[in-house]
Amino acid sequence: MNVKDQKKASVVADSPAQDWHPADIKAALNKAGYTLASLAEEHGLKAGGTLSKALTSSFPIAEQRIADAIGIHPKEIWPSRYNEDGTRKPQGFRALESSRRSANAQAKAAEATGVVSEKRPDENKKS
């Protein structure tokens with residue numbers, strides 16, 4: 001391994017996990033003996049297009065079917081869509097609601113412990 005390859009390897013090791021490229025997913029399926037169309041047919045779907053949606057956007061059922069065919073957990077293929085423990089991250093509106101709930105819970109916890117949140121400068125002035 002030359003110096004250039006070592007630098008690339010260290011950068012890849014330091015970078016956060018990224019989702020597989022769609023071509024890599026298709027190649028892994030082909031190695032496992034499937035195409036998107038044949039996998040869809042095996043699951044009783046009319047077209048492979050249903051499964052191909054998972055390559056670019058969140059579609060939990062299709063993700064699971066593709067991962068099962070490859071023989072790994074979906075979080076290995078799409079780490080941006082899953083938590084470390086393998087549960088799905090909230091998507092769309094649910095993600096917004098989840099972040100609001102956690103912000104409200106943090107604010108209530110801070111109030112309960114007596115921690116005062118930062119106030120705007122104009123709130124510190126007495127009238």
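The numbering of the sequence shown is my numbering, which starts it at 1 and goes up by one.
We put the CB at the ideal spot given by N, CA and C, even for glycine.
Between the CA atoms of residue j and residue i - distance to the nearest angstrom
i: H73; j: L36; result: 18 Å
i: L39; j: S102; result: 39 Å
i: Q91; j: R65; result: 19 Å
i: Q18; j: T56; result: 13 Å
i: G86; j: S80; result: 11 Å
i: G114; j: W78; result: 41 Å
i: S58; j: A107; result: 31 Å
i: G33; j: A47; result: 17 Å
i: V11; j: K31; result: Any answer about V11 is weak, because its pLDDT of 45 lies below 50 and its placement is not dependable; what the coordinates show is given next. Spanning the two alpha carbons is a distance of roughly 28 Å.
i: D24; j: T50; result: 18 Å
i: E76; j: A54; result: 14 Å
i: S26; j: F93; result: What sits at residue 26 in the sequence shown is Lys, not Ser. Going from the Cα of K26 to the Cα of F93 covers about 30 Å.
i: N104; j: A28; result: 43 Å
i: N83; j: P22; result: 21 Å
Beta-bridge partners of residue i, as assigned by DSSP
i: Y82; result: R88
Residue i burial status per 10 Å Cβ neighbour count (16 or more: buried)
i: K7; result: Note that K7 scores 49 on pLDDT, short of 50, meaning its location in the model is unreliable and no value can be drawn from it.
i: A110; result: exposed
i: E42; result: exposed
i: I70; result: buried
i: A62; result: buried
i: A112; result: exposed
Inset, instruction - Return the chain-ordered ranges of every alpha helix (DSSP H) run that is complete within the segment 11 to 66 and spans a minimum of 4 residues. - result: Within the segment 11 to 66, the runs of alpha helix (DSSP H) at least 4 residues long that lie entirely inside it are, in chain order, 22 to 31, 36 to 42 and 49 to 52.
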